[in-house]
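Counted from 1, the sequence shown has number 119 at position 119 by this note's numbering; the numbering is strictly sequential. Heads up, the thing below is written out as structure tokens.
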Amino acid sequence: MFVVLLGPPGAGKGTQAQRIAVATKLVHISTGDMFRENVKNETELGKLAKTYMDRGDLVPDEVTIKMLLERIGRDDARAGAMFDGFPRNVVQAQALDEALAAQGGRIDHALLISVRDDELIARLGGRWICRNCGKLYHERNDPPKAEGVCDACGGELYQRDDDKADVVAARLEKQKPPVALIDHYRTAGVLTEIDGERSLDAVTASLLEALG
Ligand code: AMP
């Protein structure tokens, strides 16, 4: 089964993807995580990606698609995967469709998590990530038991550079899922829209229900 999670920055894609991956055993593929890993390791790809990420821009399609195709070519993603943060536009969606078709697969579900703008801004400001294991937290909605410390592994929590106020506004403006992308999956008959302004557990339950 191949699943894409769609939604604006701050809709909860990353948090929900982590939960669904545990519940379904689907491999979680996040292009944002892949770029952050490259930035951390100071690879050439990371240096290039950082110039876009710091401005709240999308990394160019050719770079992102190449990285994603390389990832889904690995053995662990052959039987299925859940994509989080990819595709961001129709060009990326078509590249993914073609790659999956070449190995006899297709996107079975596109889950769109919807949240209003004012709520997104409040959420992005309060997000914290474990430097060690990548687990996501939110000051208000999903705080760690001890401030600044990961419940799961004891790692240090940090805020993403692109969660700072000026970049957040740019990301919201530039990174909402385009209508054409949503229509791409609606036309394919695989789109489910989910209200993301409920508790984490309620949203997870709806997502799992949509996956059957
Ligand atoms: P995310 O963790 O999904 O919010 O992604 C963090 C940043 O990585 C984004 O602001 C983009 O700069 C970049 N990025 C992640 N996924 C993509 C993608 N599919 N296409 C282009 N840029 C991406």
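Note that CB positions come from ideal geometry on N, CA and C, so glycine has one too. Here the structure is a predicted model, which means the values were calculated and not measured.
| Asked | Found |
| --- | --- |
| Just curious, the alpha helix (DSSP H) that A77 is in, first and last residue? | From DSSP, A77 is part of no alpha helix (DSSP H); its letter is neither H nor E. |
| Comparing C-alpha positions only, which one of R123, M67, A169 sits nearest to G14? | R123 |
| Taking only runs that begin and end inside the stretch 14-82, name each unbroken beta strand (DSSP E) of 3 or more residues, in chain order. | 28-30 |
| Skipping 5 residues on each side, what residues in its chain have a beta carbon closer than 7 Å to that of C150? | C130, N132, C133, K135, P144, L157 |
| Can you give me the Cβ contacts of A21 inside the same chain, cut-off strictly under 8 Å, excluding the 5 residues immediately before and after it? | V27, H28, M82 |
| Take Y137 and list the residues in its own chain whose beta-carbon comes closer than 7 Å to its own, dropping the five residues that flank it on each side. | W128, P143, P144, L157 |
| Strictly by DSSP, which residues pair up with D142? | H138 |
| Is it the case that the Cβ atoms of L211 and V3 are separated by a distance below 8 Å? | yes |
| Using a 10 Å radius around the Cβ and a threshold of 16 neighbouring Cβ atoms, would you call T204 buried or exposed? | buried |
| Does DSSP put A95 in a helix, a strand or coil? | helix |
| Identify, in the order they occur along the chain, each residue of the same chain with its Cβ nearer than 8 Å to the Cβ of V228, setting aside the five sequence neighbours on each side. | Lying outside 1 to 212, the shown extent of the chain, residue 228 is not represented and no answer is given. |
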